[in-house]
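Asker:
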Amino acid sequence: MMKEIRMDLGDRSYPILLDKGIIGELKNYVTKYEKIILVSNTKVGALYSEKVLDILENTGKNISYFEISDGEEHKSIESAFGIYDFMVENDFDRSSLIISLGGGVITDLGGYVAATYMRGIDFIQIPTSLLSQVDASIGGKVAVNHPKAKNLIGAFYQPKLVLIDVDFLKTLPEKEFKAGMGEIIKHSFLKDDDYYDYLVENAQAVKDLQPEEIIEVIKRSCVIKKNIVEEDEKEKGIRAIVNLGHTYAHALETATEYKGYSHGEAVAKGIIYEILLSQKLGYVEKEFLDRGKIIFDKYEIDCEPVKIEIERLIALMKKDKKNTGGKIKFVLPTGKGTVSVEDVSEDIIREINQEIDNRVIKGVVDIGTNSCRLFISEVEKNENKYSIKRKFRKYLEITKLGEDVNKNGYLLDSAINRTVDVLKNYSEKMASYGVAEKLVCATSATRDSSNREDFIRKVKNESGLEIKCITGDEEASLSFKGASDDIEGELLLIDIGGGSTEFINGSKNDINFMKSFDIGAVRVTEKFFVNDNHCEENIKLAEQWVKSQIKEAKDLSKRDFILVGVAGTVTTNVTVYEKMVDYDPEKVHMYNLTMANVEENIKLYLSKNIEERKKIKGLPPKRAEVIIAGTFILKWIMETLERDEILVSENDILEGMMES
Ligand SMILES: O=C(O)C(=O)C[C@@H](O)[C@H](O)[C@H](O)COP(=O)(O)O
Ligand SMILES: [Zn+2]
Numbered sequence: 060m061m062k063e064i065r066m067d068l069g070d071r072s073y074p075i076l077l078d079k080g081i082i083g084e085l086k087n088y089v090t091k092y093e094k095i096i097l098v099s100n101t102k103v104g105a106l107y108s109e110k111v112l113d114i115l116e117n118t119g120k121n122i123s124y125f126e127i128s129d130g131e132e133h134k135s136i137e138s139a140f141g142i143y144d145f146m147v148e149n150d151f152d153r154s155s156l157i158i159s160l161g162g163g164v165i166t167d168l169g170g171y172v173a174a175t176y177m178r179g180i181d182f183i184q185i186p187t188s189l190l191s192q193v194d195a196s197i198g199g200k201v202a203v204n205h206p207k208a209k210n211l212i213g214a215f216y217q218p219k220l221v222l223i224d225v226d227f228l229k230t231l232p233e234k235e236f237k238a239g240m241g242e243i244i245k246h247s248f249l250k251d252d253d254y255y256d257y258l259v260e261n262a263q264a265v266k267d268l269q270p271e272e273i274i275e276v277i278k279r280s281c282v283i284k285k286n287i288v289e290e291d292e293k294e295k296g297i298r299a300i301v302n303l304g305h306t307y308a309h310a311l312e313t314a315t316e317y318k319g320y321s322h323g324e325a326v327a328k329g330i331i332y333e334i335l336l337s338q339k340l341g342y343v344e345k346e347f348l349d350r351g352k353i354i355f356d357k358y359e360i361d362c363e364p365v366k367i368e369i370e371r372l373i374a375l376m377k378k379d380k381k382n383t384g385g386k387i388k389f390v391l392p393t394g395k396g397t398v399s400v401e402d403v404s405e406d407i408i409r410e411i412n413q414e415i416d417n418r419v420i421k422g423v424v425d426i427g428t429n430s431c432r433l434f435i436s437e438v439e440k441n442e443n444k445y446s447i448k449r450k451f452r453k454y455l456e457i458t459k460l461g462e463d464v465n466k467n468g469y470l471l472d473s474a475i476n477r478t479v480d481v482l483k484n485y486s487e488k489m490a491s492y493g494v495a496e497k498l499v500c501a502t503s504a505t506r507d508s509s510n511r512e513d514f515i516r517k518v519k520n521e522s523g524l525e526i527k528c529i530t531g532d533e534e535a536s537l538s539f540k541g542a543s544d545d546i547e548g549e550l551l552l553i554d555i556g557g558g559s560t561e562f563i564n565g566s567k568n569d570i571n572f573m574k575s576f577d578i579g580a581v582r583v584t585e586k587f588f589v590n591d592n593h594c595e596e597n598i599k600l601a602e603q604w605v606k607s608q609i610k611e612a613k614d615l616s617k618r619d620f621i622l623v624g625v626a627g628t629v630t631t632n633v634t635v636y637e638k639m640v641d642y643d644p645e646k647v648h649m650y651n652l653t654m655a656n657v658e659e660n661i662k663l664y665l666s667k668n669i670e671e672r673k674k675i676k677g678l679p680p681k682r683a684e685v686i687i688a689g690t691f692i693l694k695w696i697m698e699t700l701e702r703d704e705i706l707v708s709e710n711d712i713l714e715g716m717m718e719s
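Under our numbering, the sequence shown has 518 at position 459, and the numbering climbs by one with no breaks.
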């Protein structure tokens with residue numbers, strides 16, 4: 060039977076309808092509006108917009124539809140502007156209605172637009188994710204994120220109806236389910252009833268989305284929230300307790316540019332972080348911390364707080380909206396179902412940060428001959444062994460540090476300056492992400508140059524980064540460590556760089572052969588293809604030279620291995636072959652590139668001059684100069700090893716560095 064929970068707020072009261080298969084009820088709540096706009100995102104829209112639009116269109120009203128891209132990073136003022144523009148152009152007025160169909164991003168954004176368009180128009184929430192059904196769509200907190208702080212631009216503005224149809228959950232991705240559970244578990248810490256026990260005991264049924272249990276959970280969460288909101292609609296006091304876990308969560312979400320974690324995942328870490336604070340302040344014992352971890356564990360939610368560089372963490376936490384007088388406020392659990400909202404001193408925050416040493420935000424930089432790359436992740440540290448828990452972002456800039464190193468034996472000033480500029484930028488990015496540990500390695504070009512110490516000093520002085528210049532063998536084993544991450548059995552890894560190419564044969568922790576050969580895309584271009592002259596004779600000469608350089612690797616051809624390729628030359632050959640304009644790491648990772656694909660690409664490259672090559676779909680323009688040499692190297696390696704295909708891996712030296 061349909062449940063109706065009433066949010067009692069005087070003239071801002073509204074019903075929260077909850078059941079399975081009740082979306083059709085919507086038609087009964089739109090009768091008084093002439094113009095209606097349905098707002099959704101691309102993912103939810105693809106699944107449900109047609110169904111909801113059908114219901115609305117059958118009412119005979121004037122219906123419009125507006126879609127934004129999926130993701131927390133789109134909960135922005137820019138997205139709101141897109142909707143305003145549409146509404147202005149289509150003559151929406153004060154008697155119009157906005158309906159939000161989606162997760163927390165959409166319900167917060169749709170509500171924010173409703174609160175501000177012409178100083179406020181009516182809106183209805185149709186939450187489709189678990190998180191928005193139990194928390195985001197209820198209580199009238201509507202907002203967009205500011206790049207410097209979460210939900211900074213917003214209002215308290217109540218909807219006219221919240222319609223929760225649990226059928227929407229059938230298509231909810233697992234990650235989103237866990238995000239919703241983050242907020243649900245939060246509710247179980249706020250009230251001293253048996254909600255915690257219910258969630259633990261019925262974990263399987265809830266995870267399986269059994270109608271009876273999932274409806275019970277949503278109902279209990281909605282009622283907890285409703286009672287708090289009714290008491291303190293505008294967060295003057297008690298409502299702040301619903302912010303349990305959020306002081307830390309919002310800092311983490313902002314540091315990782317709203318892409319690192321879903322809100323609920325960050326809240327899970329935030330709750331444990333705040334229990335740690337409570338423990339330090341003597342409010343709870345270790346058993347209470349264990350109790351917290353047990354419930355997250357039941358739902359397989361990673362709740363381990365991660366170390367963020369302390370000055371960045373404090374600066375972010377200072378932006379929290381609960382703060383007054385420059386003090387940082389937290390919601391601290393003080394026992395089963397009880398919490399206290401308090402200022403916590405910076406000293407305590409520093410102490411806790413010091414003690415979190417099993418998880419850390421780490422940044423690694425690979426300064427190659429051709430490109431300079433940055434990778435930022437959350438890593439787990441276990442007795443000095445690192446494993447990647449969550450990848451945040453990769454950046455790549457082609458700086459050609461190794462320009463003419465072959466010829467001159469030293470790094471050109473212009474190349475050093477280009478690279479230093481990029482490294483300064485990377486250093487700022489790492490600071491913004493709250494990177495607490497760094498590893499910066501330089502490879503072939505740096506190690507081969509007579510002025511490497513000058514370069515290393517300049518980088519230190521201007522960016523603060525300390526470069527470790529690694530040997531060819533170290534480079535090879537780091538690449539292997541990264542690439543063998545998710546490939547079982549024996550593999551032969553080739554890492555074609557700008558100055559050198561590493562060959563590593565073995566399986567996971569057991570390397571059988573490893574060698575760095577001085578062949579690379581920049582080196583071969585400068586040696587054989589001066590002035591972009593790829594005539595047959597130059598190609599022949601390059602082939603003879605490359606094959607003679609790697610003849611030692613020929614013996615490997617008889618072994619039974621999977622040939623794996625990493626780094627820009629091979630990944631670019633995938634993006635070119637697939638005509639991929641926006642780099643999609645998931646499509647590139649584990650792609651089987653065949654000799655026929657490689658040859659087709661070579662034909663394409665050779666049919667164009669450098670300027671034309673820069674326009675090839677999937678080819679970053681800065682790689683156009685060296686892509687021919689790089690792809691020929693790939694072809695000649697495949698011929699030497701008598702292989703017809705190569706498995707492309709996105710995991711390379713960056714992952715290896717991250718895990719060491
Ligand atoms: O409704 C509330 O009150 C909450 O704090 C619920 C939170 O779970 C929700 O994430 C809310 O949007 C956070 O608001 P903020 O004021 O901390 O930005
Ligand atoms: Zn929240």
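Just so it is clear, CB atoms sit at the ideal spot from N, CA and C, and this is done for glycine as well.
Tell me the residue span of the alpha helix (DSSP H) that contains E93.
Answerer: As a working mapping, residue 93 is identified with position 34 in the sequence shown. Looking at the DSSP string, E93 is not in any alpha helix (DSSP H), and its letter there is neither H nor E.
Asker: Under DSSP, the alpha helix (DSSP H) around M177 begins and ends at which residues?
Answerer: Residue 177 sits at position 118 when you count from the first residue of the sequence shown. No alpha helix (DSSP H) holds M177; DSSP gives it neither H nor E.
Asker: So, helix, strand or coil for R618, using DSSP?
Answerer: To locate residue 618, count along the sequence shown from 1; it is residue 559. In the structure shown, R618 sits in coil (DSSP, three-state: anything other than H, G, I, E or B).
Asker: Any heavy atom of ligand 1 inside 7 angstroms of the beta-carbon of G198?
Answerer: The sequence position of residue 198 within the sequence shown is 139, counting from 1. At least one heavy atom of ligand 1 is nearer than 7 angstroms to the Cβ of G198, so yes.
Asker: Here's a check: name, in chain order, each residue in its chain whose Cβ is nearer than 6 angstroms to the Cβ of D480, leaving out the five neighbours to either side.
Answerer: Here the question's residue 480 lines up with position 421 in the sequence shown. Here the set comprises nothing.
Asker: Alpha carbon to alpha carbon, how far is Y216 from Y171?
Answerer: Residue numbering aside, residue 216 sits at position 157 when the sequence shown is read from its first letter. Residue numbering aside, residue 171 sits at position 112 when the sequence shown is read from its first letter. The alpha-carbon atoms of Y216 and Y171 are separated by roughly 8 angstroms.
Asker: Quick one: is the Cβ of V193 within less than 7 angstroms of any heavy atom of ligand 2?
Answerer: Counting from one through the sequence shown, the residue named residue 193 turns up at place 134. The answer is no for V193.
Asker: To test your reading of the DSSP string, which unbroken beta strand (DSSP E) runs of 3 or more residues are found completely within the stretch 421-461?
Answerer: Listed in chain order, the complete beta strand (DSSP E) runs (minimum 3 residues) inside the stretch 421-461 are 430-441, 444-457.
Asker: Could you compute how far the alpha carbon of A490 sits from the alpha carbon of A310?
Answerer: By 1-based counting over the sequence shown, the position of residue 490 is 431. By 1-based counting over the sequence shown, the position of residue 310 is 251. The alpha-carbon atoms of A490 and A310 are separated by roughly 13 angstroms.
Asker: My output table needs one value for E718: the three-state DSSP class, helix, strand or coil.
Answerer: Position 659 of the sequence shown, counted from the start, is the residue given in the question as residue 718. It is coil, neither helix nor strand.
Asker: Assuming the contact rule is C-beta atoms closer than 8 angstroms, F434 and V419 should be a hit. Round their C-beta distance to whole Å, please.
Answerer: Position 375 of the sequence shown holds residue 434. Position 360 of the sequence shown holds residue 419. Not a contact, Cβ separation roughly 14 angstroms.
Asker: CB of V326 to nearest heavy atom of ligand 2: below 7 angstroms?
Answerer: Looking up residue 326 in the sequence shown gives position 267. Answer for V326: yes, Cβ within range of ligand 2.
Asker: When the Cα atoms are used, what is the spatial distance from E405 to L340?
Answerer: Residue numbering aside, residue 405 sits at position 346 when the sequence shown is read from its first letter. Residue numbering aside, residue 340 sits at position 281 when the sequence shown is read from its first letter. E405 and L340: Cα-Cα distance of roughly 13 angstroms.
Asker: Starting from Y124, follow its DSSP beta bridges and name the residues at the other end.
Answerer: Here residue 124 refers to the residue found at position 65 of the sequence shown. In the DSSP output, where bridge partners are listed per residue, Y124 has L97.
Asker: Tell me the DSSP secondary structure of M66 in three-state form.
Answerer: By one-based count along the sequence shown, residue 66 stands at place 7. Strand, per DSSP.
Asker: Any heavy atom of ligand 1 inside 7 angstroms of the beta-carbon of H305?
Answerer: Taking the sequence shown and counting its residues from 1, one reaches residue 305 at position 246. Yes; taking the cut-off as 7 angstroms, the Cβ of H305 has a heavy atom of ligand 1 nearer than that.
Asker: Within 8 angstroms of any Cβ in chain B, is that where the Cβ of I420 sits?
Answerer: Considering every chain present, this structure includes no chain B. It has just one protein chain.
Asker: Among L220, R178, N204, which has the Cα closest to the Cα of P186?
Answerer: On the sequence shown, residue 186 is found 127 positions in, with the first residue counted as 1. Minimum Cα distance to P186 is reached at L220.
Asker: On the DSSP bridge list, what partners appear for D569?
Answerer: Taking the sequence shown and counting its residues from 1, one reaches residue 569 at position 510. D569 pairs with S566.
Asker: Between the Cα of K450 and the Cα atoms of K318, G468, E487, K540, which residue gives the shortest distance?
Answerer: Numbered from its first residue, the sequence shown carries residue 450 at position 391. Nearest of K318, G468, E487, K540 to K450, Cα basis: K318.
Asker: Which one of E346, I621, L76 has the shortest CA to CA distance from I64?
Answerer: Counting from one through the sequence shown, the residue named residue 64 turns up at place 5. For the residues E346, I621, L76, the minimum Cα distance to I64 belongs to L76.
Asker: Leaving out five residues on either side along the sequence, give the residues of the same chain with a beta carbon under 6 angstroms from the beta carbon of I334.
Answerer: Locating residue 334 in the sequence shown gives position 275, counting from the first residue. Same-chain partners within the cutoff: L348, G351, P392.
Asker: Check whether the Cβ of V301 sits closer than 7 angstroms to any heavy atom of ligand 1, and report yes or no.
Answerer: Residue 301 sits at position 242 when you count from the first residue of the sequence shown. Under cutoff, so the answer is yes.
Asker: State the CB to CB distance for the pair T530 and R506, rounded to an integer number of angstroms; the pair is presumed to be in contact (CB under 8 angstroms).
Answerer: Indexing the sequence shown from 1 puts residue 530 at position 471. Indexing the sequence shown from 1 puts residue 506 at position 447. That belief holds up - the Cβ atoms of T530 and R506 are roughly 7 angstroms apart, short of 8 angstroms.
Asker: Identify every run of the beta strand (DSSP E) within the stretch 629-659, keeping only runs that are complete inside it and at least 3 residues long; order them along the chain.
Answerer: 650-653, all fully within the stretch 629-659.
Asker: For I353, count the other beta carbons within 10 Å of its own beta carbon; 16 or more makes it buried, fewer makes it exposed. Which is it?
Answerer: If you number the sequence shown from 1, residue 353 lands on position 294. Exposed, because fewer than 16 other Cβ atoms sit within 10 Å of the Cβ of I353.
Asker: Looking at C-alpha atoms only, which residue of I686, V276, L498 is the closest neighbour of E658?
Answerer: Within the sequence shown, the letter at position 599 stands for residue 658. Looking at the Cα atoms, I686 is the closest of the given residues.
Asker: Counting only runs of 4+ residues fully inside the stretch 134-221, write out the alpha helix (DSSP H) ranges in chain order.
Answerer: Taking only runs of at least 4 residues, the alpha helix (DSSP H) segments lying wholly in the stretch 134-221 are 136-148, 163-175.
Asker: Once DSSP output is grouped into helix, strand and coil, what is the label at K229?
Answerer: To locate residue 229, count along the sequence shown from 1; it is residue 170. Reduced to three states, the DSSP call for K229 is helix.
Asker: Alpha carbon to alpha carbon, how far is D463 from K207?
Answerer: Position 404 of the sequence shown, counted from the start, is the residue given in the question as residue 463. Position 148 of the sequence shown, counted from the start, is the residue given in the question as residue 207. Cα-Cα distance, rounded: 42 angstroms.
Asker: Once the 5 residues before and after S128 are set aside, which same chain residues still bring their CB inside 7 angstroms of it?
Answerer: Translated into positions along the sequence shown, residue 128 becomes position 69. Within the same chain, S128 has close Cβ partners N100, T101.
Asker: Residues in its own chain within less than 7 angstroms of E132 by CB, not counting five upstream and five downstream?
Answerer: Taking the first residue of the sequence shown as 1, we reach residue 132 at position 73. Result list for E132: E316, Y317, K318, in chain order.
Asker: Below 8 angstroms, how does it come out for the stretch 155-163 and the stretch 185-201: are there three or more Cβ pairs, yes or no?
Answerer: With the cut-off at 8 angstroms, the stretch 155-163 and the stretch 185-201 touch.
Asker: Measure the Cβ-Cβ separation of E585 and N465 and say whether it is below 8 angstroms.
Answerer: Mapped onto the sequence shown, residue 585 falls at position 526. Mapped onto the sequence shown, residue 465 falls at position 406. Yes; because the gap between Cβ atoms is below 8 angstroms, this pair is in contact.
Asker: Which of the three DSSP states is assigned to T397 in this structure?
Answerer: Working through the sequence shown from its first residue, we reach residue 397 at position 338. If DSSP states are grouped into helix, strand and coil, T397 belongs with the strands.
Asker: Could you give the residue range of the beta strand (DSSP E) that holds A495?
Answerer: One-based indexing of the sequence shown puts residue 495 at position 436. Here A495 belongs to no beta strand (DSSP E), and DSSP marks it neither H nor E.
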